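*Asks:* Okay, handing you the structure first.
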Amino acid sequence: MYRLALLSVHGCPMAPLGERDTGGMNVYLLQIARELGRCGHKVDVFTRHHEPGDPQVIDLGDNARVVHLKAGPYFETKGSLHQYIREFLGNLYLFQQSEGTTYDVVHSHYWLSGWAGTELSIRWNVPHVATFHTLARRKIEARAEESESQLRIHTESRVMRSVDAIVVSTEQEKQDLSRLYQVSTHKVCVIPAGVDLKLFRPLDKAWARQSLGLMGKRVVLSVGRVEPLKGLDIAIRAMAGLEDARDTRLIIVGGNPGRDSELRRLKSMSAQMGLHNRITFAGAMDQSNLPTYYNAADVFVLPSYYESFGLVALEAMACGVPVIASRVGGPETLVSEGKTGYLIASRAPEPYAQALNFLLANPTLRGTFGRAAIAKARTMGWDRVANRILALYSAMLEQTWKIAVGT
1 MYRLALLSVH
11 GCPMAPLGER
21 DTGGMNVYLL
31 QIARELGRCG
41 HKVDVFTRHH
51 EPGDPQVIDL
61 GDNARVVHLK
71 AGPYFETKGS
81 LHQYIREFLG
91 NLYLFQQSEG
101 TTYDVVHSHY
111 WLSGWAGTEL
121 SIRWNVPHVA
131 TFHTLARRKI
141 EARAEESESQ
151 LRIHTESRVM
161 RSVDAIVVST
171 EQEKQDLSRL
181 YQVSTHKVCV
191 IPAGVDLKLF
201 RPLDKAWARQ
211 SLGLMGKRVV
221 LSVGRVEPLK
231 GLDIAIRAMA
241 GLEDARDTRL
251 IIVGGNPGRD
261 SELRRLKSMS
271 AQMGLHNRIT
281 FAGAMDQSNL
291 PTYYNAADVF
301 VLPSYYESFG
311 LVALEAMACG
321 VPVIASRVGG
331 PETLVSEGKT
341 GYLIASRAPE
351 PYAQALNFLL
361 ANPTLRGTFG
371 RAAIAKARTM
381 GWDRVANRIL
391 ALYSAMLEQT
401 WKIAVGT
């Protein structure tokens, strides 16, 4: 049995999904922690306090828990959290001392956590695994308007040099690490993310639509954080190019009207285009509510400029929904062209509108794509991901042991 420290300085796995800093990484952490715990290992996910009412410890299930640590003001923005890494680490050490625990592996998630994980690995003399989820240089390359701090770029490079292994979700991300950061590919392990097959599964479509007040409508769905990198303006413009849009609705799940300037921009754009009656901004929501939305959809659309994996596309597929996605990173590995959906290389709305028109007009084809999508998703449960990560931990610990005994 191992005791594992998973670090996520900025992203709590219990946070509502679809807000500015919550998305696929939060789901990844939650599911991996639970699966590792079910395998009999002790798992602590260390993250910062986000709300005044956060309890310090939340049980996630067998052997797994979230530990909240004070690290800066509750509602501090992600871009400023580097100032509080020292406070985060200090409070983590205090928690560790209060429980008298030791850890066998540190697994950090995102660059801020990699910063903290580097120090923990040295202090505890244990292996450090990193999963970055997104890369600063790749984001800038994907969309010219993106900006990332030199601090992040420098820290990512420093962490990549020091860690024992890096876990990525796709071969493309592995190549990005080599091309953009000069990381040796021998240090990188490709382990695709997974999907909760108990939660995300086909349900009765008529029931789902009735539950959401969408009876008699054709439904296009998008789920995730609302930020420029997600390309949601492309989806909105594609709606204007539909041949018969009177009974078609675009549902956008994600975003917080009080915090997200991009959400306000998209709402304003929809109104100016005369599409406000055809687009619903459903806001951020608990993951348990998402299956109803997926099952109500005819087509799922993901027009992102950059996706390291695209977990929401896999969730849609598990519910039997065809996917139209940009031909980037993760979606390119998930969506089989002409079998489970379509991949769009262009950043223009016209190809998305064309693909939507074709699928919305062909229910038989949607059914064929949907069944193939379910079959693909059923090979990608989180138990498989956890087993591969455990194999990596075991290999690293065996290597450490050999070094320690001089063999």
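With this note's numbering, the residue at position 134 of the sequence shown is 134, and numbering never jumps. Just so you know, even glycine gets a beta-carbon here, dropped at the ideal spot from N, CA and C. Quantities reported herein were computed from a predicted structural model and do not represent experimental measurements.
1) Suppose only complete runs of 4+ residues qualify. What are the alpha helix (DSSP H) ranges in the segment 324 to 382, listed by chain order?
2) In angstroms with no decimal places, state the Cα-to-Cα distance between residue 388 and residue 268.
3) Kindly confirm or deny that the segment 183 to 191 and the segment 146 to 154 touch, where touching means at least three C-beta pairs closer than 8 Å.
4) Could you check what DSSP says for residue 201 in three-state terms: helix, strand or coil?
5) Determine the burial state of residue 337: buried for a count of at least 16 other Cβ atoms within 10 Å of its Cβ, exposed for fewer.
6) At what residues does the alpha helix (DSSP H) containing residue 408 begin and finish?
7) Quick check on the burial criterion: 16 or more other C-beta atoms within 10 angstroms. Buried or exposed for residue 328?
8) Less than 8 Å between the CB atoms is what I'm expecting for residue 43 and residue 6, so what's the real figure, rounded?
9) So is residue 398 buried or exposed if we call it buried at 16+ other beta carbons inside 10 Å?
10) If you check the beta carbons only, do residue 294 and residue 365 fall under 8 Å apart?
11) Kindly confirm or deny that the segment 241 to 248 and the segment 279 to 292 touch, where touching means at least three C-beta pairs closer than 8 Å.
12) Residues in the same chain with beta-carbon distance under 8 Å from residue 396, minus the five sequence neighbours each way, listed in chain order, please.
13) Going by beta carbon distance, what residues of the same chain come within less than 6 Å of residue 84, once the five residues before and after it are set aside?
14) Could you say which of 147, 243, 219 and 240 lies nearest to residue 252 if we only look at CA atoms?
15) When burial is assigned at 16 or more other CB atoms within 10 Å of the CB, is residue 93 buried or exposed?
16) Going by DSSP, what residues sit across from residue 42 in a beta bridge?
17) With H, G and I counted as helix, E and B as strand and the rest as coil, what does DSSP make of residue 132?
18) What's the C-alpha gap between residue 79 and residue 215?
19) Ignoring anything shorter than 3 residues, give me the beta strand (DSSP E) runs that lie fully in the segment 11 to 90, in order along the chain.
20) According to the neighbour-count rule (16 or more other Cβ atoms, all chains shown, within 10 Å of its Cβ), is residue 161 buried or exposed?
21) Considering only the alpha carbon of each residue, which of 133, 289 and 226 lies closest to residue 258?
22) Based on Cα-Cα distance, which residue from 265, 199 and 205 lies nearest to residue 228?
23) What does DSSP give as the partner residue(s) for residue 166 in the beta ladder?
24) From the DSSP output, which residues share a beta bridge with residue 312?
25) With DSSP collapsed to three states, give me the class of residue 101.
26) Pull up the CB-CB distance for residue 341 and residue 325, whole angstroms please, since I reckon it's below 8 Å.
27) Using the C-alpha atoms, what's the distance from residue 33 back to residue 410?
28) Short of 6 Å in beta carbon distance, which residues of its chain neighbour residue 115, apart from the five on each side in sequence? Order them along the chain.
*Replies:* Quick look at the numbers:
1) 329 to 334, 349 to 360 and 363 to 377, all fully within the segment 324 to 382.
2) Going by C-alpha positions, residue 388 is about 45 Å away from residue 268.
3) Too few Cβ pairs lie closer than 8 Å, so no.
4) Secondary structure of residue 201 (DSSP, three-state): coil.
5) With fewer than 16 Cβ atoms within 10 Å of its Cβ, residue 337 is classed as exposed.
6) Residue coverage of the chain in this structure runs from 1 to 407, which leaves residue 408 outside it and unanswerable.
7) Buried: at least 16 other Cβ atoms inside 10 Å.
8) The pair is a contact, with the Cβ atoms about 6 Å apart (cut-off 8 Å).
9) Residue burial annotation: residue 398 is exposed, with fewer than 16 other C-beta atoms found within 10 angstroms of its C-beta.
10) In this structure, residue 365 does not lie closer than 8 Å to residue 294 by Cβ.
11) The segment 241 to 248 and the segment 279 to 292 do not touch, with fewer than 3 CB-CB distances between them shorter than 8 Å.
12) The beta carbon of residue 396 lies closer than 8 Å to those of 105, 127, 129, 164 and 165 in the same chain, with the five residues before and after it left out.
13) The residues are 71 and 72.
14) The option with the nearest alpha carbon to residue 252 is 219.
15) Burial call: exposed.
16) DSSP output for residue 42 lists 3 as bridge partner(s).
17) Assignment of residue 132 by DSSP, reduced to helix, strand and coil, places it in the coil class.
18) Their Cα atoms are separated by approximately 42 Å.
19) Within the segment 11 to 90, the beta strand (DSSP E) runs of at least 3 residues that lie entirely inside it are, in chain order, 42 to 48, 57 to 61 and 64 to 69.
20) Burial state of residue 161 is exposed, judged by a 10 Å Cβ sphere holding fewer than 16 other Cβ atoms.
21) Measuring C-alpha to C-alpha distances from residue 258 to each of 133, 289 and 226 identifies 226 as the nearest.
22) Checking every option, the nearest Cα to that of residue 228 belongs to 265.
23) Bridge pairing for residue 166: 130 and 188 [DSSP].
24) By DSSP's assignment, residue 312 forms no beta bridge with any residue.
25) Three-state DSSP puts residue 101 in coil, outside helix and strand.
26) The distance from the Cβ of residue 341 to that of residue 325 is about 7 Å, consistent with a contact at the 8 Å cut-off.
27) Nothing about residue 410 can be reported from this structure: the residues present for the chain run from 1 to 407 only.
28) Sequence-distant partners of residue 115 (beyond 5 residues in either direction) whose C-beta falls short of 6 Å from its own C-beta, in its chain, are 85 and 155.
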